[in-house]
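Q: Take this structure, written in structure tokens, and hold onto it; I'll ask about it next.
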Amino acid sequence: ITGNYILTKDLVLSREEAVDLLYTVGIDEFSALPHKEKLDGKEVFSVLLPKDFNFVGKDKGGNEVKIVNGQLKSGLMDKANLGSESGLLLRNVYEKYGPSFTADLLGKITRLGIAVLSRRGFSIGLADMDLQEDASQEIINTIDKAEEEALALIDQYKAGKLEALPGRSVKETLELRIMEVLNKARNKSGDIAIKQSSNSSALIMARSGARGNSLNIAQMAAIVGQQALRGKRIGHGFKGRTLPYFKTKDLSPKARGFIKSNFKSGLKPYEFFFGAMTGRDALMDTALRTPKSGYLYRRLSNAMQDLKVEYDLTVRDASGKVVQFMYGEDGLDVSKTKKGELDVQKIINDTSGAQ
């Protein structure tokens, strides 16, 4: 995914380089390549696509992806179009050309992406998380300001001057306001770090959707941020405090799960404990959800296994009782729909060969 993202984003190749790339993929017919000295990545990628293929979608960044008669006109090839779950482009190719053609195309796209990365060079290391002095200072100032705001809210609460939000108690209001302030600080700090490392390999992978996301980069380079347990700050579970390290009934950000360090510089011991708390909760959630969802599916499939569509288009069980007068009450094959709806415009485009 990363290789094709780089290729279709801003890569400019000589004709010789483009031919070499395509030959590596297994293509030996280059008549589809435009006859000019310099080619952009979109023109190289278009050689893989069928000549009668039309497609309109969006990339991960929300920009329009447009393919007209097998030519990629706009947009980027990222997870939104090539991903294992969300790959909309591959799904459209599968619907129109079948499994064999799609498998062959996917193999070529994969080899093309690997070839681009091999020739360009693509590596990631700790240096990708390095920030300049001014960016680091800006992040420190942002966090300090957020902590001051949180402490000011706590002072208002203790003085009885904090106004409750509609439908909330004063304590709930305090917790919500503190979470809001600290999350804003984390997001702002993350934006500073991402802006600083705009050309790093880590950010390219996050933007293409190949691995990770911008939050992972922010936590590695800038700040881990507030740890939430079941949607709230870490509670006073140990005799009125979160850990023996803190004073009793301490409401400050530091004492309730706010991690101001980042993973690159390392966490303080108490910060590590807070990270472990939320990590353990997520682990338990995953472990418990897996068998539960499996059992629910088993019960559902067993209950519905005798249902079938009869020749009169009704859905009936083994005894002939009508369950639905039409499958799904609309008669649509879900595998042929787009998020449960029939894409009429796509049918018109495919029929007319236009976009």
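The sequence shown begins at 80 in the working numbering and counts up one residue at a time.
Cβ atoms here follow ideal geometry from the backbone N, Cα and C, with glycine treated the same way.
Cutting at 7 Å between CB atoms, please list the residues of its own chain near residue 437, excluding the five before and the five after it.
A: What is shown of the chain runs 80 to 434, which leaves residue 437 out entirely.
Q: For residue 426, is the classification buried or exposed, using 16 other Cβ atoms within 10 angstroms of its Cβ as the cut-off for buried?
A: exposed
Q: In the structure shown, what three-state DSSP assignment does residue 420 receive?
A: strand
Q: Please report how far the alpha carbon of residue 240 lies from the alpha carbon of residue 250, in whole angstroms.
A: For residue 240 and residue 250, the gap between their C-alpha atoms comes out near 12 Å.
Q: Specify whether the region 208 to 226 and the region 297 to 310 touch according to this definition: at least 3 beta carbon pairs, one from each stretch, less than 8 Å apart.
A: yes
Q: Thinking C-alpha only, which one of 264, 347, 262 and 196 is nearest residue 284?
A: 196
Q: Whether or not the region 80 to 89 and the region 148 to 155 are in contact is what I'm after, with contact meaning three or more pairs of Cβ atoms, one per stretch, closer than 8 Å; do they touch?
A: yes
Q: Alpha carbon to alpha carbon, how far is residue 262 from residue 304? Give it in angstroms, no decimals.
A: Roughly 7 Å between the two C-alpha positions.
Q: Quick one: measure Cβ to Cβ for residue 117 and residue 93, integer angstroms, because I've assumed they're closer than 8 Å.
A: 6 Å
Q: Kindly say whether residue 142, judged by its beta-carbon, lies nearer than 8 Å to any beta-carbon of chain B.
A: Any reference to chain B falls outside this structure, which holds one protein chain only.
Q: Could you give the residue range of the alpha helix (DSSP H) that holds residue 143?
A: Note, residue 143: premise wrong, no alpha helix (DSSP H); beta strand (DSSP E) at 143 to 147.
Q: In chain order, what residues of the same chain lie with their CB nearer than 8 Å to the CB of residue 95, ignoring the 5 residues before and after it?
A: none
Q: Can at least three beta-carbon pairs, one atom from the region 173 to 183 and one from the region 304 to 314, be found at a separation below 8 Å?
A: No, the region 173 to 183 is not in contact with the region 304 to 314.
Q: If contact is defined by three or more beta carbon pairs under 8 Å, each pair taking one atom from either stretch, is the region 387 to 397 in contact with the region 342 to 350?
A: Between the region 342 to 350 and the region 387 to 397 there are fewer than three C-beta pairs closer than 8 Å, too few to call the two in contact.
Q: If you draw a straight line from the alpha carbon of residue 104 to that of residue 399, how long is it in whole angstroms?
A: 54 Å
Q: What are the start and end residues of each continuous alpha helix (DSSP H) run of 4 or more residues lying completely inside the region 190 to 277, in chain order?
A: Here the runs fully enclosed are 212 to 237 and 249 to 275.
Q: Would you mind working out which of 361, 138 and 187 sits nearest residue 166, comparing C-alpha positions?
A: 138
Q: Who are the near neighbours of residue 411 in its chain, counting only those whose CB is closer than 7 Å to its CB and skipping five residues on each side?
A: 421
Q: Leaving out five residues before and five after residue 254 in sequence, what residues of the same chain have Cβ atoms less than 8 Å from its Cβ?
A: 311 and 312
Q: Whole-angstrom Cβ separation of residue 354 and residue 306, contact assumed at under 8 Å?
A: 6 Å
Q: Put residue 88 into one of helix, strand or coil per three-state DSSP.
A: Three-state result, residue 88: helix.
Q: Since I believe residue 328 is in contact with residue 319 (beta carbons under 8 Å), could you give me their beta-carbon distance rounded to a whole number of angstroms?
A: 5 Å
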